[in-house]
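Trainee: I have a structure here, written as structure tokens, and I will follow up with some questions on it.
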Amino acid sequence: MNANMFIRLSAILLAALVTTGPAAAQSLFSPVVHVNESVVTEFEIEQRLTFLRALNSPGATRDKVLETLIDERLQEQATKAVGLELSEEGVDAGMEDFASRANLKKDEFIEALVGQGIDEETFRDFVKVNATWRELIRGRYGNRVDVSETEIDRALAATGGASGIRILVSEIIIPAPPERAEEVRVIADQIAASESEAEFSAYAQEYSATASRDVGGRLPWQQLTNLPPTLRPILLDLAPGEVTAPLPIPNAVALFMLRGIEETTSNPTEIGAIEYAVYYIPGGRSDAALKEAERVKARVDVCDDLYGIAYGKPEEVLERSTKAPGEIPSDIAIELSKLDEGEISTALTSPDGQALALIMMCGRTAVANTDVSREDVAASLRQSRLAGYSQGLLEQLRAEARIVFVQ
């Protein structure tokens, strides 16, 4: 993200402050809702709305912002009640981290915000309350989510696989040929700042090239063992509702939102090898290539059928491979993780972008895998349980709070 992203928002807040004089200012700083002994003002609502819209958050509405600010007041009160306060160094580090998602330094990010009438304190408070709340949850419930060796053992399959861990994610894969690389980078940075599933879903419907775009990028529950090894730790490091940083893959950028994670009693088999085929159709993601891909899909049921499709064509148009999951290119591995035997993906292109890659799953071979990280399994269990405690505490605070809306 850069300052150009804020052009469409110029003077929104400034106009509200100067057009009608003192009466408008008084109204702007008057309470909209009392939350116990705290208040939320119209100024704060306008500031947060402007801030979210500057990040191109499609789901940013006044009602949603007001509910979020009420929750944040409750979170602030809870952290102050136990004397928990984030250091200035901690707040600055959080602001730097947030700004880095837009490929900006903290000062650059703040300068862009201030230039559009968004107070630096709006950004600082946004980062501070969320970071402090996370510290409260870790401090209050950390001891309750210590995962025992027995629990880890139960979460591992009899074969040594990461049994019992399955995740629910949404995906966005944006084609990024060289001529669109910078444009896609900006879009991907905006998506990485998504704050809700609805926002991420709207981006998926607009930008994603995968079949899941029609359902907002939502994928069904997947066993952790079916995912590419390189992607597993990235997803396990997320809390539900968080989005990965943009992940570059050949001629595309991928992003994932974690929607859920849970432990089950099933024992999925770890995959030792995957057999797949890639049939290249000239024309990249052109309408003609996509139409040809649909024709091929209608004619094939198993990978062997692709030999008939490729008959008489150059040998390089069809590749068939059997590889360990960790040896498969990341972009292809991501697509294969969503396919059953005989299913096809057309979300990718060849490395040079000149051909559409029709990827077909031929089959998976199971193998015992004793190298699964027990630390990854334990971390995923802790993260899931802490998220549940966080939501439960916030609901309790709301139920006990005195929340009065000003008429």
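With our numbering applied, the sequence shown covers 109 to 515. All C-beta atoms in this analysis are idealised placements derived from N, C-alpha and C, irrespective of residue type, glycine included. As the structure is a computational prediction, the values presented were derived from the model and not from experiment.
Report the rounded CA-to-CA distance for Thr149 versus Ile275, giving the unit in angstroms.
Mentor: Each residue's Cα considered, the two are about 39 angstroms apart.
Trainee: Could you spell out the range, first to last residue, of the alpha helix (DSSP H) harbouring Arg288?
Mentor: Here Arg288 belongs to no alpha helix (DSSP H), and DSSP marks it neither H nor E.
Trainee: Please check the pair Pro348 and Gly325, which I expect to be a contact at CB under 8 angstroms, by giving their CB distance rounded to whole angstroms.
Mentor: Pro348 to Gly325, Cβ: 15 angstroms. No contact.
Trainee: Just checking, does the stretch 489-508 make contact with the stretch 416-423 on the three C-beta pairs under 8 angstroms criterion?
Mentor: Contact between the stretch 489-508 and the stretch 416-423 is absent, because fewer than three Cβ pairs lie under 8 angstroms.
Trainee: Going straight from the alpha carbon of Pro337 to that of Gln298, what length do you get?
Mentor: If I take the Cα positions, the gap works out to 26 angstroms.
Trainee: Tell me whether the stretch 274-294 and the stretch 348-366 touch, counting them as touching only if at least three CB pairs, one residue from each stretch, are closer than 8 angstroms.
Mentor: Enough Cβ pairs lie closer than 8 angstroms, so yes.
Trainee: Relative to the C-alpha of Glu307, which candidate in Arg428, Ala168, Ala385 has its C-alpha closest?
Mentor: Among Arg428, Ala168, Ala385, the Cα nearest to that of Glu307 belongs to Ala168.
Trainee: Can you tell me whether Ala353 is buried or exposed? The criterion is at least 16 other CB atoms within 10 Å of its CB, across all chains shown.
Mentor: So Ala353 ends up on the exposed side.
Trainee: Which residues bound the beta strand (DSSP E) around Ala385?
Mentor: Segment 379-390, the beta strand (DSSP E) holding Ala385.
Trainee: What does DSSP give as the partner residues of Gly368 in its beta bridges?
Mentor: Looking at the DSSP assignment, Gly368 forms a beta bridge with Leu276.
Trainee: Enumerate, from N- to C-terminal direction, the unbroken alpha helix (DSSP H) stretches of 4 or more residues contained entirely within the stretch 167-192.
Mentor: Segments of the alpha helix (DSSP H) lying fully in the stretch 167-192: 170-189.
Trainee: How would you label Thr187, buried or exposed, when you count the other beta carbons within 10 angstroms and need 16 or more for buried?
Mentor: Buried is the call here.
Trainee: Using only the alpha-carbon positions, how far apart do Asn238 and Val199 sit?
Mentor: For Asn238 and Val199, the distance between alpha carbons rounds to 10 angstroms.
Trainee: Would you grab the beta carbon distance between Ile281 and Ser316 for me? Rounded to a whole angstrom, and I think it's under 8 angstroms.
Mentor: Indeed they touch by this definition, with Cβ atoms about 6 angstroms apart.
Trainee: Can you check whether the C-beta of Ser138 is within less than 8 angstroms of a C-beta belonging to chain C?
Mentor: In the structure shown, chain C cannot be found, because there is only a single protein chain.
Trainee: Report yes if the C-beta distance between Asp412 and Gly450 is below 8 angstroms; otherwise report no.
Mentor: Result no, Cβ atoms of Asp412 and Gly450 do not sit closer than 8 angstroms.
Trainee: Identify which residue in Arg161, Ser135, Ile178, Lys236 has its Cα closest to the Cα of Val512.
Mentor: Cα-wise, what sits closest to Val512 is Ile178.
Trainee: Roughly how many whole angstroms lie between the Cα atoms of Thr176 and Val514?
Mentor: Straight-line Cα distance between these residues: approximately 17 angstroms.
Trainee: Between the stretch 221-238 and the stretch 151-158, do three or more beta carbon pairs fall short of 8 angstroms?
Mentor: A contact exists between the stretch 221-238 and the stretch 151-158.
Trainee: Please list the terminal residues of the continuous beta strand (DSSP E) segment that includes Val143.
Mentor: Its beta strand (DSSP E) spans residues 139-143.
Trainee: Could you name each continuous beta strand (DSSP E) segment of 3 residues or more that falls completely within the stretch 188-242, going from the start of the chain to the end?
Mentor: Complete beta strand (DSSP E) runs here, min 3: none at all.
Trainee: Report the three-state DSSP secondary structure of Gln462 (helix, strand or coil).
Mentor: Gln462 falls in the coil class under three-state DSSP.
Trainee: Please name the residue or residues paired with Arg490 in a DSSP beta bridge.
Mentor: Answer is none; Arg490 lacks a bridge partner.
Trainee: If I'm right that Tyr388 touches Ser302 with Cβ under 8 angstroms, what's the distance once you round it to whole angstroms?
Mentor: Actually they do not touch by this definition, with Cβ atoms about 33 angstroms apart.
Trainee: Any idea what DSSP makes of Leu335, helix, strand or coil?
Mentor: The answer is coil: DSSP assigns Leu335 none of H, G, I, E or B.
Trainee: Since Arg161 is in the alpha helix (DSSP H), which residue starts that stretch and which ends it?
Mentor: Start and end: 150-162.
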